[in-house]
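A short worksheet on the structure shown next.
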Amino acid sequence: MTNRLAVEVAGLNFRNPVLLAAGTAAYGRELAELVRLDALGGIVTKAVSPEPRAGAPAPRVADFGEGMINAVGLANPGVEQVAATELPWLARNAPGLRVIVNVVGNVTQDFAKVVERLDAVAGADAFELNVSCPNVKAGGLEFGANDESLREVVAGARASTRRPLFVKLSPTLADIGRAAAVAVEAGAEAITVVNTFPGLVIDTAARRPALGFGSGGVSGGGLRPIGVLATWRVRRAVRVPILGVGGIETADHALQYIMAGASLIAIGTAALRDPRLPERVVRDLQRWCEREGIASVAEVTGSLAWQ
């Protein structure tokens, strides 16, 4: 069967455009018995910071029917353990799977530290800079919400690697297209949209927040129209590849992102509920291309007929 789903993004060949989203794929090893990694285009790992992070208090995740809310607190074992065990495992056990490492930090320099440490480690194909993190030196303002901070984060990472850089932007930004342009000017080869949206779910029986931290990030189906619009706005602002994330549950949802301008899509919440769902999305995308006479899914990217 002809593979109509193969795509090239930022100089990397992906066997299909379906990835597992950051925060839901761990580092691959945890999902190996549940998900056929060889059926997917790639994964975005959970966060990696310079030092280990304990994360937020439990409970960290709550399902509210229409979606999911989480406050994990970017818990992770730190860059040294990821370099020593997690990425090498992926390199040995998931050949052909593209791995994008999600990077977080408290201050600007943290991003460059992680990227520099992992640059030569087998198993890392690209980096995704989560600029939705709070900048502790700027009173907790997101890195992505300030042009100068955003430039510093991306430029510092760019100086630390020749691998592709994805920059993940928040849906709360006043002008997400402008932020994307700033990131590209500073050295990003791709943009990821969107991160989760802030929200609060209340346990009415206990009269307390459902999450131990209190508020959290909303994901799932309700986020999808926000993510699709953000993809379209970024596509109009920059001409680099886009990784579309947020509420994807079917091939039709994936196609909405692709038509809005995404070259890759990532599935998160839906994969947590049903680990085999991403594989079905891959199969259904292939069938859609065959039915529509599309030789390559890349032909569909940015094909939205609007303005």
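So the numbering used here is basically just the index in the sequence shown, starting at one, shifted up by 1.
A virtual CB, placed ideally from N, CA and C, is assigned to each residue, including glycine.
- Of Ala238, Ala23 and Phe112, the smallest CA-CA separation from Glu52 is found for Phe112.
- DSSP places Arg274 inside the alpha helix (DSSP H), whose first and last residues are Thr270 to Arg274.
- Your pair Cys290 and Arg99 does not check out as a contact, with CB atoms roughly 20 Å apart and the cut at 8 Å.
- Going by C-alpha positions, Glu87 is about 19 Å away from Asn131.
- Scanning the segment 48 to 91 from its first residue to its last, the whole beta strand (DSSP E) runs of 3-plus residues come out as 62 to 64 and 69 to 71.
- Per DSSP, Phe128 is one residue of the beta strand (DSSP E) stretching across Ala127 to Asn131.
- Under the DSSP definition of a beta bridge, Ile44 partners with Leu21 and Val100.
- With contacts defined as CB atoms closer than 9 Å, Leu174 and Ala139 fail to qualify as a contacting pair.
- Less than 9 Å separates the beta-carbon of Ser161 from that of Glu117.
- The DSSP-derived three-state label of Phe198 is strand.
- Ala95 and Asp39 have their C-alpha atoms spaced approximately 7 Å apart.
- Among the bridge pairs identified by DSSP, Phe167 is matched with Glu129 and Ala191.
- About 6 Å separates the beta carbon of Gly42 from that of Arg16, a gap short enough to meet the 8 Å contact definition.
- In the structure shown, Pro242 falls within a coil segment according to DSSP collapsed to helix, strand and coil.
- Collapsing the DSSP output to three states places Phe15 in a strand.
- Ile203 counts as exposed, since fewer than 16 other C-beta atoms from the protein chains shown sit within 10 angstroms of its C-beta.
- Here Pro58 is exposed. Its C-beta has fewer than 16 other C-beta atoms within 10 Å.
- Per DSSP, Glu291 lies in no beta strand (DSSP E); the unbroken alpha helix (DSSP H) holding it starts and ends at Leu278 to Glu293.
- Take the alpha-carbon of Ser264 and the one of Ala207: they are about 44 Å apart.
- Comparing alpha carbon positions, the residue from Arg30, Ser50, Ile249 and Pro210 closest to Val283 is Ile249.
- The three-state reading of DSSP puts Ala207 in coil, since its state is none of H, G, I, E or B.
- Of the candidates Thr109, Asn107, Gly222 and Asn103, the residue whose Cα lies closest to the Cα of Asp120 is Asn103.
- In the displayed model, Ile249 falls within coil according to three-state DSSP, outside both helix and strand.
- For a cut-off of 8 Å, the C-beta gap from Ala261 to Arg236 is around 7 Å, short enough to register as a contact.
- In the structure shown, Ser150 falls within a helical segment according to DSSP collapsed to helix, strand and coil.
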